[in-house]
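Novice: Taking our numbering, the leading residue of the sequence shown gets 14, the next gets one more, and so forth. Yeah, the Cβ is synthetic: ideal placement off N, Cα and C, and Gly gets one too. What follows is a structure written as structure tokens; I'll ask about it next.
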Amino acid sequence: MITGTALILSATSGLAAAAELVEAARKEGSVTIYSATDQAQAQAALDAFAKKYPDIRVDYNDIGTNGVYNRVISEAAARQVGGDLFWTSAMDQGIKLAVDGYLAPYQSTETAALPGWAVYKDVVYATSIEPIGMIYNKTALEEDKSRKPARN
């Protein structure tokens, strides 16, 4: 997993990849990504990687959030891990994979430049900010006071 993380970060955001990681990926010949991001949305990053590392193939698997989580768990259980980089918007699942020891830590020379909120124990890195809103029917909740949302 460390190889894929280093190379994708290097190709897409100009970070310096460690030479030994690049060489290891060249020997393997490919980097496998399990992702919940539509490939069309990731294509610019994939193209940048291909341009920088033409001798390393990217196997991009758009399998959704639950697919990423389940693939990591099932491959670990079978002791046949095939993924190098796991990219999901389901932060609850990403943090659980990290806490449960399924993900290997990686720290590039650029990690210190990232905001603190974007890095969890050098294992999970935020790649976007997504707003979340809550809408509820206030009239329906007033009928049943036990379901009224807590106030902060």
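Report, in whole angstroms, the separation of the C-beta atoms of ALA57 and TYR73, which I expect to be a contact under 8 Å.
Specialist: Not quite, the Cβ-Cβ distance comes to about 13 Å (not below 8 Å), so this is no contact.
Novice: Are the beta-carbon atoms belonging to ILE76 and TYR47 less than 7 Å from one another?
Specialist: In this structure, TYR47 lies closer than 7 Å to ILE76 by Cβ.
Novice: List the endpoints of the continuous alpha helix (DSSP H) containing ASP105.
Specialist: Element bounds for ASP105: 104–112.
Novice: Thinking C-alpha only, which one of VAL132, PHE62, LYS64 is nearest SER141?
Specialist: Of the candidates VAL132, PHE62, LYS64, the one whose C-alpha sits nearest the C-alpha of SER141 is VAL132.
Novice: Tell whether a beta-carbon distance below 7 Å holds between GLY95 and THR45.
Specialist: Yes, the Cβ-Cβ distance between GLY95 and THR45 is below 7 Å.
Novice: CB-CB under 6 Å to ALA49, same chain, minus the five flanking residues each way: which ones, in chain order?
Specialist: Same-chain partners within the cutoff: GLY77, THR78, VAL81, THR101, SER102.
Novice: Between which two residues does the beta strand (DSSP E) containing SER43 stretch?
Specialist: From DSSP, the beta strand (DSSP E) with SER43 extends over 43–48.
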